[in-house]
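For our numbering, add 48 to where a residue sits in the sequence shown, where the first one is 1. Ideal Cβ placement from N, Cα and C applies to all residues, glycine included. Here the structure is a predicted model, which is why all the values come from computation and not from measurement.
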Amino acid sequence: MRRLTVAQALVAFLAQQWSERDGQRRRLIPACFGIFGHGNVAGLGEALAGAAAAGVDLPYRLCRNEQGMVHTASAYARMTDRLSTLACTTSIGPGATNLVTGAAGATINRLPVLLLPGDIFATRPANPVLQELEDSRSYDVSVTDALRPVSRYWDRINRPEQLPAALLAAMRVLTDPVETGAVTLALPQDVQAEAYDWPEELFAERTWHVPRPRPDDGAVQRAARIVTAARRPVVVAGGGVIYSGATEALRGFVERHGVPVVETQAGKGALPHDHPLSLGAVGVTGTAAANEVAAHADVVIGVGTRYSDFTTASGTLFGDARFVNLNITGFDAAKLSGVQVVGDARESLAALGAACDGWASEPAYRAGAADLRDRWTAVVDRARHADPGARPTQAAVIGAVNDAAGPRDVVVCAAGSMPGDLHKLWRSTDPKAYHVEYGYSCMGYEIAGGIGVRLAAPDREVFVLVGDGSYLMLPSELVTAVAEGVKLVVVLVDNQGFASIGRLSESVGAQRLGTAYQDREGAPLPVDLGANAASLGAEVLRVTTMAELRAALDAAKASDRTTVVHVKTDPREAGPDGGAWWDVPVAEVSTTAEAQAARSGYETGRKARRTHLHP
């Protein structure tokens, strides 16, 4: 038996957890991020401070915002194909509730993160304690209960005896590709510091084997009958292709059977952008080529996608198509009344490919898709081009960053108009080179996420693209990057407001209300975002022309410290449109002509929605 506090036992346990897939082992929880307060400093704080002296390898890293630390852990998990993540500890009160947004993003994106918030006293010696939320219905309610709906597993450790079972359950969910997401273990502050005699087996090295489940043979045969009858098939590649390491399997399948590939945000890079069968982004933020092929497909093969409304253009993109869905989860495989092939993406592609042996799409169909692809390539070339002395457009900024990035370097983005332009315009050659959080599209993700990417892949340069609106949500994590020596190239695109919502507001008749950075008189705000970044410890390079931007990107790459390239663009200069529709309801009655016209267009758009109920 080993006598330790609950917090010490937790830390010792986490340091011995490993994941394994295909014979490759890695630390499941290699580090802990956190901010200390009265709810965790005497428990987890003491345990982490004494970890090294006790022979426990679990380093601690200080972040500046609790939401940001969860974004960092999520990005780390995504970069490691969900085989590793970070722990995040907070105090009770605001520290705990600040986790909710990041936890929601992790769970929506199917990414494992471990949350360890402090909690109120289990023994209730004096109520209320500082930061306690009092609920007249029960003294057992605290703010950590807000994490229940956004967690895939949630537990409160009210007694030391409860810890072992909760830890094993938490690790199971973190390493289960079907159930994974945010995992929360709420830790009452008195219980954290309580000593207990633990069995030595709790601290033995433990390996969690991540399986590659094979699909049911009957399901594969049913899917193959539909696929081999197709004349206009298309593959929708989602994030599951990349997480399962199925990019080569996908390439082999589509080359053998002549099937064009379109990509979701999470699946971008599943095929290199210059592959003859790659049509690029699909859906609301998609390319004209991908959307044209998707709209006329008779069979849609979804691989590792959850079919968000941006992928399906709110149910209007795909025509009278049959769906064959390869997914690790039955929940996603069943969408759009699809034939379900439930299993690992790599294994499922191999099985379906074998069952479709001898079948391929017609050469004329492939030639037509290639022609559409070539036309879109010309559109992208024009959008990315800008004269050296010109004021940069957002599309030209993306082109310049893409040119500066090496083939393995990573672009990170999340919210606003930038993800849409990136989805259409960025040219990926590596499945890990494109990292855009668009499941939750969370403003403030970018810099924190960039830290997680760089920690997971220190041999890759990381370019963080962030608009001014998203930057102002969470600039504080620049301090974390500087303190931890995590070098980022942050391209801060200053377009004087919320460009994406500004355009959306205008399109629905809301006249860009509240989307520009102006005072009450309409004058620009005297806010200097570059000076703000410099005050947080970053090197700042200011640019006004394309030539200056390219030079600044080269200098930032050569630097050994986090550098912010501050560039001002025109917020009304939109990138090329892929032609898809997005369902944003418009006021049914309005006094403005703009809203009335928008409502008419909305009524027309939603008439194209299909139910996809084919048995």
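Closest to residue i by CA distance: which of the options is it?
i	options	result
V258	H614, S409, E242 and E227	E227
A603	V538, A656, G287 and D322	V538
F546	A564, L540 and V530	A564
G401	V389, A635, E410 and A412	V389
D625	P574, A571, R658 and A338	A338
R254	T353, P236, R220 and R260	R220
R280	L163, A595, A581 and D368	D368
N113	V637, T377 and M521	M521
A579	L601, G454 and V615	V615
R204	D618, V54 and V372	V54
P324	V307, T312 and A135	V307
R432	A444, Y413 and R185	A444
T639	V556, Y108, L661 and R654	V556
D224	R260, P197, P236 and E242	R260
L540	A622, V458 and I446	I446
G287	M491, P633 and L159	L159
A241	A418, V268 and R207	R207
E209	R51, W407, G623 and L92	R51
P236	G141, E248, N146 and R439	G141
K535	E248, A586 and A581	A586
Quick test of your reading: residue i and residue j, contact by CB under 8 angstroms. State the CB separation rounded to the nearest angstrom.
i	j	result
S524	G153	S524 to G153, Cβ: 18 angstroms. No contact.
R130	Y291	5 angstroms
G515	N543	6 angstroms
T611	L589	6 angstroms
G331	T359	4 angstroms
G497	V460	5 angstroms
W424	G328	7 angstroms
A79	L58	Rounded, the Cβ-Cβ distance is 14 angstroms, inconsistent with contact.
T617	T333	Contact flag wrong, Cβ pair sits at about 18 angstroms.
I168	S190	5 angstroms
A399	P263	6 angstroms
S184	G229	That pair is no contact at about 31 angstroms.
G85	Y108	About 15 angstroms; that fails the 8 angstroms criterion.
R104	A60	Strictly speaking, residue 104 in this sequence is Val, with Arg absent from that position. That belief holds up - the Cβ atoms of V104 and A60 are roughly 5 angstroms apart, short of 8 angstroms.
P247	M49	6 angstroms
K472	G623	6 angstroms
Taking Cβ to Cβ, would you say residue i is nearer than 7 angstroms to residue j?
i	j	result
R370	V347	yes
I495	V510	no
Q56	A90	no
G166	G87	yes
L365	A123	no
A170	D238	yes
V148	A121	no
V310	V275	no
A144	T133	no
C111	T528	yes
T232	W256	no
A667	A403	Past the edges of the chain, shown from 49 to 663, lies residue 667, and the structure says nothing about it.
W630	S356	no
T192	L164	no
A595	V613	no
T128	A408	no
V668	V282	The requested residue 668 does not occur in the structure, where the chain is confined to residues 49 to 663.
A581	S518	no
Is there a Cβ of chain B sitting closer than 7 angstroms to that of residue i, yes or no?
i	result
A603	Of the chains in the structure shown, none is chain B; there is only one protein chain.
Inter-stretch contact (C-beta, 8 angstroms, three-pair minimum) for the region 284–298 and the region 388–396: The region 284–298 vs the region 388–396: in contact.
Inter-stretch contact at 8 angstroms, needing at least 3 Cβ pairs: the region 314–331 / the region 475–483: Touching, yes.
Inside the region 524–596 only - alpha helix (DSSP H) runs reaching at least 4 residues: Segments of the alpha helix (DSSP H) lying fully in the region 524–596: 525–532, 547–555 and 577–583.
The region 75–82 / the region 52–65 touching (three or more Cβ pairs under 8 angstroms): Flag = yes, the region 75–82 and the region 52–65 touch.
Those runs of the beta strand (DSSP E) which lie wholly inside the region 158–183 and span at least 3 residues: The region 158–183 contains these whole beta strand (DSSP E) runs: 161–167.
Segment contact, 8 angstroms Cβ cut-off, at least three pairs: the region 482–496 with the region 451–471: In short, these stretches touch, since the Cβ pair count reaches three.
4 or more residues per run - each alpha helix (DSSP H) lying fully within the region 192–246: Listed in chain order, the complete alpha helix (DSSP H) runs (minimum 4 residues) inside the region 192–246 are 211–222 and 237–240.
Completely contained alpha helix (DSSP H) runs for the region 246–292, where each covers 4 or more residues: For the region 246–292, the full-length alpha helix (DSSP H) segments reaching 4 residues or more read 265–275 and 287–291 along the chain.
Every unbroken beta strand (DSSP E) within the region 298–372, with a cutoff of 3 residues, ordered by chain: Within the region 298–372, the complete beta strand (DSSP E) runs of at least 3 residues are 309–311, 326–329 and 347–351.
Residue ranges of each alpha helix (DSSP H) within the region 385–447, 4 or longer: Considered as a whole, the region 385–447 harbours 393–403 and 411–432 as its complete alpha helix (DSSP H) runs of no fewer than 4 residues, in chain order.
The region 642–659 in contact with the region 435–453 per 3-pair CB rule at 8 angstroms: Two segments are said to touch when three or more pairs of C-beta atoms, one from each, lie closer than 8 angstroms; by this definition the region 642–659 does not touch the region 435–453.
Every unbroken alpha helix (DSSP H) inside the region 445–485 [4 residues or more]: Listed in chain order, the alpha helix (DSSP H) runs fully inside the region 445–485 are 466–473, counting runs of at least 4 residues.
Completely contained beta strand (DSSP E) runs for the region 602–648, where each covers 3 or more residues: Listed in chain order, the complete beta strand (DSSP E) runs (minimum 3 residues) inside the region 602–648 are 611–616.
Within the region 95–166, ranges of the beta strand (DSSP E) (whole runs, at least 3 residues): Taken in chain order, the unbroken stretches of beta strand (DSSP E) that lie wholly in the region 95–166 and span 3 residues or more are 108–110 and 135–138.
Segments assigned beta strand (DSSP E), at least 3 residues, entirely inside the region 479–522: Within the region 479–522, the runs of beta strand (DSSP E) that reach at least 3 residues and sit entirely inside it are, in chain order, 482–484 and 510–515.
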